[in-house]
Each structure stands twice: as C-alpha cells, then as structure tokens.
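Every position in the sequence shown, counted from 1, becomes a number in the working numbering once 156 is added.
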Amino acid sequence: MYSRILQLAGHGVVYGIGSVASKVIALLLLPIIIRYLEPSSYGKAEVVMTLVLFTSALVKLGLQNAMMRFSYDAPEHERDDVAARVVQTTLALTLMSLVVFGGILLAFDSQVAQFFLGDPDVTDLVWYAVLGLWTSVLYATITATFRIQKRPGAFLRASLGNVIASAALTLYFVTELHLGVRGLLLGNFLGFLVVIPFAAWAQREWVLPRIDRALVRPMLLFALPTIPMAVAFQSLTLIDRTVLSRQAGLDELGVYGIAARFAAVVLIVVTALQLSWQPFAYSIEDDDEARRSYAIVTTWFAAGMGWIVSGMALLADPVVRTMTVPAYYDAAHLVPLLALAAGIYGAYFLVGIGTSRVKRTTWHILVASSAVAVSLVANMTLVREYGATGAAIAAVLANTTLAVAMLIRSQYVFRVDYELLRLARPIALTAIALVACYLLPTGTGLESWGSRIAVALAWPLALAASGFATAPERARIARLMRRVATSRSGGSGTGTGVA
C-alpha cells in the first residue's frame, strides 16, 4: 500500500512541475505585467479567462473523467487497445462540442460582452475567449492521454513547453507591442497552440478523432452527470467575478484577480493531485486496500496542504507589497482567504473519488447545486457591503459546501474510514495561522518578514510535536532520510558530480 502511495507522490511531483513552473513564472512576470495594465484592464482579462474556464467545463462534457475511468476497465493485456479507442472517441465528441459552443459565443458576442464586461463594443474580447476555449480544451484533452499512458516525462515536456511559450508571447505582446489586455490574453491562449501539434504527434495513433459507437452511450452516461460538478466549480469563479465587476467595478475585480494569482500557488498541489489522483485511485483493484490508501492519502494531504495554505497566508502581505504597485496592495488582505478556498477545493476533489470509483455520479447535480446556491447568495449579500473581501469570504463558504456535500455523498456509496483525530491537528494549526496572519506586523520591514517566516516554520514543528505521524510512518521517514543522506555522501565520494 505504501509503495502505491509513494508512486502517487512521485507522479504527483512530475505532473505538478508544469503547474509549479506556470505559477512561478506568472508571479515573476507579474511585477512587469501590472506596470503595463491598470486594475480595470486586469479586471477585463480576469473576466475573459474566467469565461473561458466556465465554458470549457461545459464543452468537455465530463469526458476527461470518463476517459480516465473507462481506460482502466479492460483487463491489463487489452488495456492499451481499449484506452486508445476511448481517447479517440473522447476527442471526436469534444471537437463536436467545441464547434457548437464556440459558435454560440460568436453568434451572441455583443450580448456576452455587455453582460460580462459591461460594454457591447468589446466583442473582440469575446472572440479571444473563443480562441482560448479551443486551444485550452484541445491541449487538456490531448495531454491527458499522456497520463493514461503513464508517461509523466512526455506530459512534463508538453507542460514546460506551454509555460515557456505562453510566458515569452505574453511578455512580447504586452511590453513590446503594447497590446494591453489583448496581449495578455493572446499570450496565454497562443501558448497552448504552440504545443498542441507536438503533443499530438507524440501520440498520433491515439489522438485521431474517431467515434466508437459502442463506447459513446456508456461514456456519456458516466460523464454527463459529472458536468454539474465541473460547471459548479467554474461557476463559483464566474459568479464572484461577475458580481464583483457589476457591483464593485473592474478596478476592484483587478485587485481581486491579482490576489487570486498569488493564492494560485496553493493550486500547484491541487493540480498535481488532480492529474495523478485518478490513475492512482482507479489502479487499486482491491476495495479494502483502496479504502485504506484513500484514508492515508487524505491525512497527509491535509498536513501538506495545511502548511502551504498557512505559509501563503502568513507571507501574503510582505510578498504582495514587494512584487506589486500601490494600486494592488489591497490584494494582500484577500490572499489568505483565497488560498484557504483553493485548499478546500483540493479536499473536495480528494474525497469525491469514491463516487467515481463505483460509477455512482448521478447525484453530483445536487452537490453542485448546493455550492452554486451558497456562492450566489453569499456574493450577492457580501460583495455589496464588503467588496472584494466579501467575494473572498463567499469563495470559502462555497468551496466548503462543495467539499462537505461531496464527502457525504461519497461516504454513502463507498465508505472510507478517515483518520479524524489525525486530520484535526493540521486543520487546527491552519486555523491558528490564518488568524495570526491578520495580527502580525504588516509591511516589508524586517519585523514583518521575520515574524511571519518564524510562524510559518513553526507550523510543521508543531504538527510533529503533536504526534501526527504514526510509529511506522516515522520509521519510514527515518529510513528515507538515511537513504537520501547515504546517496548524497556516496555521490560526493565517487567523483561523478558535475564539474
């Protein structure tokens, strides 16, 4: 069991490297980009990118989840053949969906621009959104095949290629051509287009769009009920952005968007989990072993995620003030809440695996609806009074509803005995850190940096002191540390290091 979990961690690291690089480069470019974009312009970019993400959740039809699940249904000696047919069917159906949804957006471009951007004359931004929809969905579908094939190296190369291309194009369009918000959007969307041909060629026998009629019905029966969950998560983002832009203005939305970029560091772990969790979870054939593995992974996820969320919350104020300009300083107060919301979403994805494992996804619409309802009511109530802070609080409430509702449903169809006493410890420490981040000194001085770093470093020490790790886990950690130390000392004595 632990060997499987270590394999999950290894694949998670590889799959997460692209996400790490993307978030790191985005943060490094941020001080440059925001000097060419005022908050209202950044707010427009936030609306368009959110619209792309929301529409893509509809366009994908839940087929990426089905692609993962059905690829592991066949006996091992037939798995490659079945998986290839599943991928081909997924790609064909996705292309048909792209044509339909892209056409609808273009047909109603002025209405879309008026509703989301408050200006019917910026229809070109809707066209950019359609470009982003096509490129991002095709990229996600094609590169997901690498995960089915368990080719993390190929996935990593595609991810890094996309990151580098997007960063270079964005920098060129914004700083050299002075295209403003349009340059920011083009850079992001064309980065996908650069990589798609290479990724498709690397698995050319798998990604030929071809429908297997025998697969269409069962795949859609599995996939379509999952759409509400995908739409719900994107709706949570779309609702707060839309309410903010209409009630508080694009300037406020621009500050909120910058805070979301910093909080997105938390999504590095969530993204790595998403990319590696399903293949790992479905590959465990024995239900009892699966239950034990799911419980242990959840416990250690809470520990790792709790420290990351706490660290982001504690360091938000000095980091935001160091990397941005005064117009965006208010983002520092929003980062802790948005980081917490991102961490809670990771928990939702983790605890919901049981419903997919047993193919009982039809109740997802109720889970989705509950979270959307909370988001809508909370945003309409809080944004008018508290602006962007209200939207951040609403994000925490909505994601909590999503995670709790999914946990209840998943436990009903595939019960997992989670380690509640162990889970309580990182949760309590995270709550303490979130309170501390608003009480510690602010600014970029030594007092602020020192006190916040000290509390962040004390977090794992406090967790260890609480007896979080079991005796077997401590023994495994000790053996791993000795192995690392031995390999380092051995490597230094062989003379084979880099000259």
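By construction, the Cβ of each residue, glycine as well, lies at the ideal position given by its N, Cα and C atoms. All figures in this text were calculated on a predicted structure; none of them were measured in a lab.
Problem set entry | Alpha-carbon to alpha-carbon, G347 and M479 | If you number the sequence shown from 1, residue 479 lands on position 323. If you number the sequence shown from 1, residue 347 lands on position 191. Taking the straight line joining both Cα atoms gives about 24 Å.
For this session: Take S604 and list the residues in its own chain whose beta-carbon comes closer than 8 Å to its own, dropping the five residues that flank it on each side.
Result: The residue labelled residue 604 in the question sits at position 448 within the sequence shown. Cβ neighbours of S604 beyond the five flanking positions: D473, P474, L596, P597 and T598.
Exercise. Can you give the beta carbon distance from A495 to K179, rounded, assuming they're within the 8 Å contact cut?
Worked result: Walking along the sequence shown from the start, residue 495 turns up at place 339. Walking along the sequence shown from the start, residue 179 turns up at place 23. The Cβ separation is near 12 Å, so there is no contact.
For this session: With a cut-off of 8 Å on the beta carbons, I'd call T586 and V465 a contact; round off their distance for me.
Result: As a first step, residue 586 is located in the sequence shown; it is residue number 430 there, counting from the start. As a first step, residue 465 is located in the sequence shown; it is residue number 309 there, counting from the start. In this structure, T586 and V465 form a Cβ contact; the two beta carbons are roughly 6 Å apart against a cut-off of 8 Å.
Exercise. In three-state terms, what does DSSP make of L522?
Worked result: Looking up residue 522 in the sequence shown gives position 366. In the structure shown, the three-state DSSP call for L522 is helix.
Exercise. Just the Cα atoms here: how many angstroms apart are R635 and V243?
Worked result: The residue you call residue 635 lines up with position 479 of the sequence shown. The residue you call residue 243 lines up with position 87 of the sequence shown. Taking the straight line from one Cα to the other gives about 41 Å.
Exercise. Under a Cβ-count criterion, where at least 16 other Cβ atoms within 10 Å of its own Cβ denotes burial, should Y158 be classed as buried or exposed?
Worked result: Indexing the sequence shown from 1 puts residue 158 at position 2. Caution is warranted here: a pLDDT of 48 is assigned to Y158, below 50, making its placement in the model unreliable, and the coordinate value is therefore given only provisionally. Exposed, because fewer than 16 other Cβ atoms sit within 10 Å of the Cβ of Y158.
For this session: Out of A621, Y501 and L619, state which residue places its alpha-carbon closest to the alpha-carbon of V562.
Result: Here residue 562 is taken as the residue at index 406 of the sequence shown, counted from 1. Rather than Val, the amino acid found at residue 562 in this sequence is Met. Closest option to M562, Cα to Cα, is Y501.
Exercise. Tell me which same chain residues have a C-beta within less than 8 Å of the C-beta of A469, skipping the five on either side of it?
Worked result: For this step, residue 469 is matched to residue 313 along the sequence shown. Within the same chain, and ignoring the five residues on either side of A469 in sequence, the residues whose Cβ sits closer than 8 Å to its Cβ are V491, P492, A495, L496, A589, L590 and C593.
Exercise. To which residues of the same chain is Q390 closer than 6 Å at the C-beta, ignoring the five residues directly before and after it?
Worked result: The sequence position of residue 390 within the sequence shown is 234, counting from 1. In chain order, L209, F210 and A213 place their CB closer than 6 Å to the CB of Q390, counting only its own chain and leaving out the 5 sequence neighbours on each side.
Exercise. For R225, which residues from the same chain have a beta carbon less than 8 Å from its beta carbon, with the 5 sequence-adjacent residues on both sides left out?
Worked result: Along the sequence shown, one-based indexing puts residue 225 at 69. Residues F378, Q434, Y438, S512 and K515 of the same chain have their beta carbon placed closer than 8 Å to that of R225, with the five preceding and five following residues left out of the count.
For this session: Taking the CB atoms as reference points, tell me whether G343 and F329 lie closer together than 8 Å.
Result: Residue 343 sits at position 187 when you count from the first residue of the sequence shown. Residue 329 sits at position 173 when you count from the first residue of the sequence shown. Yes, the Cβ-Cβ distance between G343 and F329 is below 8 Å.
Exercise. Within 10 angstroms of its Cβ, does V611 collect 16 or more other Cβ (buried), or is it exposed?
Worked result: The sequence position of residue 611 within the sequence shown is 455, counting from 1. Burial check for V611: the Cβ neighbour count within 10 Å reaches 16 or more, so the residue is buried.
Problem set entry | Beta-carbon proximity of A416 to G543, cut-off 8 Å | The residue you call residue 416 lines up with position 260 of the sequence shown. The residue you call residue 543 lines up with position 387 of the sequence shown. In this structure, G543 does not lie closer than 8 Å to A416 by Cβ.
Exercise. Of the residues L262, I320 and R360, which one's Cα is nearest the Cα of I298?
Worked result: The residue labelled residue 298 in the question sits at position 142 within the sequence shown. For the residues L262, I320 and R360, the minimum Cα distance to I298 belongs to R360.
Exercise. For A498 versus L579, is the C-beta spacing smaller than 8 Å?
Worked result: Within the sequence shown, numbered from 1, the residue matching residue 498 stands at position 342. Within the sequence shown, numbered from 1, the residue matching residue 579 stands at position 423. At the C-beta level, A498 and L579 stay beyond 8 Å of one another.
Exercise. Per DSSP, what kind of secondary structure is H334 in: helix, strand or coil?
Worked result: Indexing the sequence shown from 1 puts residue 334 at position 178. Look at H334 here: in three-state DSSP terms it is coil, with no helix or strand label.
Exercise. Applying the criterion that 16 or more other CB atoms from any shown protein chain within 10 Å of the CB defines a buried residue, is Y568 buried or exposed?
Worked result: Numbered from its first residue, the sequence shown carries residue 568 at position 412. Label assigned to Y568: exposed.
Problem set entry | Neighbourhood of A358 by C-beta, 7 Å cutoff - its chain only, sequence neighbours within 5 removed | Position 202 of the sequence shown, counting from 1, holds the residue named residue 358. Hits under 7 Å: A310.
Exercise. Excluding five sequence neighbours on each side, which residues of the same chain lie with their C-beta closer than 7 Å to the C-beta of T331?
Worked result: The residue you call residue 331 lines up with position 175 of the sequence shown. Once the five neighbours on either side are set aside, the close Cβ partners of T331 are I188 and Y192.
Exercise. In chain order, which continuous runs of the beta strand (DSSP E) of length 3 or greater are located wholly inside the stretch 272 to 345?
Worked result: List check, beta strand (DSSP E) in window: nothing returned.
For this session: Determine the direct distance from the alpha carbon of A627 to that of A323, and round the result to whole angstroms.
Result: For the purposes of this step, residue 323 is taken as the residue at position 167 of the sequence shown. For the purposes of this step, residue 627 is taken as the residue at position 471 of the sequence shown. Looking at the two C-alpha atoms, the distance is approximately 46 Å.
Problem set entry | Secondary structure of I161, DSSP reduced to three states | As a first step, residue 161 is located in the sequence shown; it is residue number 5 there, counting from the start. No answer about I161 holds up, because its pLDDT of 49 lies below 50 and its placement is not dependable.
For this session: Answer with buried or exposed for G218, where buried requires no fewer than 16 other C-beta atoms within 10 angstroms of its C-beta.
Result: Within the sequence shown, residue 218 is the residue found at index 62, counting from 1. Residue burial annotation: G218 is buried, with at least 16 other C-beta atoms found within 10 angstroms of its C-beta.
Exercise. DSSP state of A404, grouped into three classes?
Worked result: Residue mapping note: residue 404 aligns to position 248 of the sequence shown, counting from 1. DSSP places A404 in coil when its eight states are reduced to three.
Exercise. Mapping DSSP to helix, strand and coil, what is Q118?
Worked result: The requested residue 118 does not occur in the structure, where the chain is confined to residues 157 to 655.
Exercise. Beta-carbon separation of V539 and P195 under 8 Å?
Worked result: Working through the sequence shown from its first residue, we reach residue 539 at position 383. Working through the sequence shown from its first residue, we reach residue 195 at position 39. V539 places its beta carbon 8 Å or farther from that of P195.
Exercise. With a CB to CB cut of under 6 Å and the five nearest residues on each side skipped, what residues in its chain are close to A446?
Worked result: Start at 1 with the first residue of the sequence shown, and residue 446 comes out as number 290. Around A446: I440.
Exercise. Less than 8 Å separating the beta-carbons of V476 and A483?
Worked result: As a first step, residue 476 is located in the sequence shown; it is residue number 320 there, counting from the start. As a first step, residue 483 is located in the sequence shown; it is residue number 327 there, counting from the start. Taking 8 Å as the Cβ cut-off, V476 and A483 do not qualify as a contacting pair.
For this session: Take A550 as the anchor and find which of P616, L400 and L364 has the nearest alpha-carbon.
Result: In the sequence shown, the residue the question calls residue 550 occupies position 394. Closest in alpha carbon position to A550, among P616, L400 and L364, is L400.
Problem set entry | Buried versus exposed, by CB contacts within 10 Å (16 or more), A559 | For the purposes of this step, residue 559 is taken as the residue at position 403 of the sequence shown. Counting the other Cβ atoms within 10 Å of the Cβ of A559 gives 16 or more, which makes it buried.
For this session: Can you give me the Cβ contacts of V286 inside the same chain, cut-off strictly under 7 Å, excluding the 5 residues immediately before and after it?
Result: One-based indexing of the sequence shown puts residue 286 at position 130. Excluding sequence neighbours, V286 sits near G258, L261 and L262.
Exercise. Measuring CB to CB, does D368 end up less than 8 Å from T245?
Worked result: Here residue 368 is taken as the residue at index 212 of the sequence shown, counted from 1. Here residue 245 is taken as the residue at index 89 of the sequence shown, counted from 1. Contact annotation: D368 and T245 have beta-carbon atoms nearer than 8 Å.
For this session: Along the alpha helix (DSSP H) that carries A459, what are the first and last residues, could you check?
Result: Numbered from its first residue, the sequence shown carries residue 459 at position 303. That run of the alpha helix (DSSP H) goes D443 to M479.
For this session: Within its chain, find whatever has a CB closer than 6 Å to the CB of L406; leave out the 5 residues flanking it on each side and keep chain order.
Result: In the sequence shown, residue 406 corresponds to position 250, counting from 1. The beta carbon of L406 is closer than 6 Å to those of S196 and G199 in its chain, skipping five residues each way along the sequence.
Problem set entry | Which of helix, strand or coil DSSP assigns to T642 | Working through the sequence shown from its first residue, we reach residue 642 at position 486. Helix, per DSSP.
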